[in-house]
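K.L.:
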Amino acid sequence: MSANDRRPVGSPQSQTYDSAFLKACRREPVPHTPVWFMRQAGRSLPEYLKVREGIPMLDSCMRPELVTEITLQPVRRHGVDAAIFFSDIVVPLKAIGIDLDIKPGVGPVIAEPIRTRADLARLRDLTPEDVTYVTEAIGMLTRELGSTPLIGFAGAPFTLASYLVEGGPSRNHEHTKALMYGDPRLWADLLDRLAEITGAFLKVQIEAGASAVQLFDSWVGAIAPADYTRSVMPASAKVFDAVASYGVPRIHFGVGTGELLGLMGEAGADVVGVDWRVPMDEAARRVGPGKALQGNLDPAVLFSTPDAVMAKTDEVLDAAAGLEGHIFNLGHGVLPTTDPDALTRLTEYVHTRTAR
Ligand code: CP3
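Each residue of the sequence shown is one higher than the one before, starting from 1 at the first, in the UniProt record's numbering.
1) Kindly identify the DSSP beta-bridge partner or partners of residue 101.
2) Would you kindly check if the distance between the Cβ of residue 44 and the Cβ of residue 338 is under 8 Å?
3) Under three-state DSSP, which class holds residue 84?
4) Under 8 Å: do the segment 278 to 292 and the segment 311 to 330 share three or more Cβ pairs, one atom per stretch?
5) Can you tell me whether residue 332 sits near the ligand CP3, meaning its C-beta is under 7 Å from at least one heavy atom of the ligand?
6) Ordered along the chain, which non-local residues of its own chain (more than five positions away) have a Cβ less than 8 Å from that of residue 289?
7) If I measure Cβ to Cβ from residue 237 and keep anything under 7 Å in the same chain, skipping five residues before and after, which residues do I get?
8) Just the Cα atoms here: how many angstroms apart are residue 1 and residue 100?
9) Going straight from the alpha carbon of residue 103 to that of residue 356, what length do you get?
10) Taking 7 Å as the cut-off, does the CB of residue 149 come closer than this to any heavy atom belonging to the ligand CP3?
11) Decide if residue 79 is buried, meaning its Cβ has at least 16 other Cβ atoms within 10 Å, or exposed.
12) In angstroms with no decimal places, state the Cα-to-Cα distance between residue 20 and residue 76.
13) Who pairs with residue 326 in a beta bridge, going by DSSP?
14) With distance defined between alpha-carbon atoms, name the residue in 126, 214, 175 and 105 nearest to residue 98.
15) Does the Cβ of residue 49 have 16 or more other Cβ atoms within 10 Å, making it buried, or fewer, making it exposed?
16) Report whether the distance from the Cβ of residue 106 to the nearest heavy atom of the ligand FMN is below 7 Å.
17) Who are the near neighbours of residue 87 in its chain, counting only those whose CB is closer than 6 Å to its CB and skipping five residues on each side?
18) Which of the three DSSP states, helix, strand or coil, is assigned to residue 93?
19) Beta carbon of residue 81: closer than 7 Å to some heavy atom of the ligand CP3?
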């Protein structure tokens with residue numbers, strides 16, 4: 001390991017500090033608008049399907065060499081400005097002993113849902129020893145990535161609670177909301193537990209070398225602003241506070257969160273992720289000054305013609321032109337049947353069109 005690798009992330013001496021991605025997060029001038037894609041590592045890539053063959057999703061997250069290869073694949077292929085760590089939001093829960101699996105085409109499924117005060121005892125603290133494979137993989141990755149930043153991530157307390165309380169993916173989150181409204185004390189304690197675990201998991205990733213972190217509150221768009229403020233925001237804020245001192249950018253993203261963008265920024269994010277339903281200039285008004293924004297091409301647009309993709313990309317870039325800091329991304333994850341070449345072309349197009 002070179003001396004450079006030992007320099008703390010977040011400091012101007014770190015290898016990734018001057019990357020376009022971190023500059024945009026800090027709202028500094030950039031040579032081009034940086035690009036990365038949520039779910040860039042995964043089923044849209046044939047090379048991913050090949051190395052994953054016969055290996056269950058959660059097992060693959062625990063093999064540092066495989067994690068390193070999968071994380072690097074989209075960086076090599078598309079020339080994106082950042083890598084996102086190959087893992088899943090339920091990995092820390094698995095690591096503390098929750099019996100769960102990721103079912104292909106379904107998502108995370110929990111053997112015994114968490115719904116009572118007694119169930120809370122199953123959510124013990126996470127220690128770095130529980131996830132040594134994460135530390136090892138990030139060490140390998142940051143050496144390979146050099147000046148390309150690695151984004152660490154975790155699921156936000158609400159979204160994790162939704163999986164734990166429902167027992168799996170849910171359209172209406174009925175059990176989750178029943179608990180939130182019916183037993184606010186137990187709900188607050190559950191989210192606080194999850195905030196502790198999530199904060200610890202993000203710390204492990206930053207200490208190992210992640211240059212930024214993204215907190216995915218994918219399903220929080222199901223919640224109205226007043227309920228968000230009362231029942232969700234304190235736990236998300238606790239996660240952001242836990243990693244504030246590292247000085248690495250903290251990104252916050254959820255789907256269908258047009259009404260929550262301001263509050264999600266206030267929770268403690270440096271960068272607010274926007275799905276495709278709100279134009280970037282309107283999102284900037286809702287978030288207010290002092291934060292960068294990330295987004296927001298509809299992932300389904302990539303199924304259209306190259307001309308249509310360029311036209312829709314122009315709309316995003318034009319709406320984002322006046323922003324202090326813009327990171328180009330999709331409004332949600334890459335859809336599994338997306339043509340990988342469409343992502344490569346999109347990356348090149350954004351880089352060329354925004355070169356300054
Ligand atoms: O972005 C990346 O490329 C990094 C890897 C990543 C995965 N999951 C890998 C994965 C990230 C950042 C996640 C986060 C995640 N996981 C979220 C938040 C992001 C979002 O999409 O809103 C959520 C809600 C989950 C839970 C989860 N895990 C779902 C909904 C699924 C898909 C189920 C399916 O098969 O349709 C998973 C499984 C999963 N996580 C896959 C991948 C590549 C697919 C599994 C496979 O390839 O076998």
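The C-beta atom is built at its ideal place from N, Cα and C for all residues, glycine as well.
Everything numeric in this text was worked out from a predicted model, so none of it was measured.
P.N.:
Quick answer:
1) Answer is 109, bridged to residue 101.
2) For residue 338 and residue 44, yes; Cβs fall inside 8 Å.
3) If DSSP states are grouped into helix, strand and coil, residue 84 belongs with the strands.
4) Enough Cβ pairs lie closer than 8 Å, so yes.
5) Checking the Cβ of residue 332 against the ligand CP3 gives yes.
6) Its chain contains 324 as the residues whose beta carbon lies nearer than 8 Å to that of residue 289, once the 5 sequence neighbours on both sides are disregarded; these appear in chain order.
7) If we look at residue 237 and ignore the five residues flanking it on each side, its Cβ neighbours are 267 and 268.
8) With a pLDDT of 38 at residue 1, under the threshold of 50, the predicted position of this residue should be treated as unreliable, though the coordinate-derived value follows. Roughly 36 Å between the two C-alpha positions.
9) One C-alpha to the other measures close to 45 Å.
10) No, the beta carbon of residue 149 sits no closer than 7 Å to any heavy atom of the ligand CP3.
11) With fewer than 16 other Cβ atoms within 10 Å, it is exposed.
12) Rounded to the nearest angstrom, the gap between the Cα atoms of residue 20 and residue 76 is 17 Å.
13) According to DSSP, residue 326 bridges with 293.
14) Comparing alpha-carbon positions, the option among 126, 214, 175 and 105 lying closest to residue 98 turns out to be 126.
15) Per the 10 Å Cβ criterion, exposed.
16) Looking at this structure, you won't find the ligand FMN anywhere; what it does contain is the ligand CP3.
17) Cβ-Cβ distances below 6 Å link residue 87 to 61 in the same chain, with the five nearest sequence neighbours on each side left out; the list follows chain order.
18) Helix.
19) For the ligand CP3, not one heavy atom lies less than 7 Å from the Cβ of residue 81.
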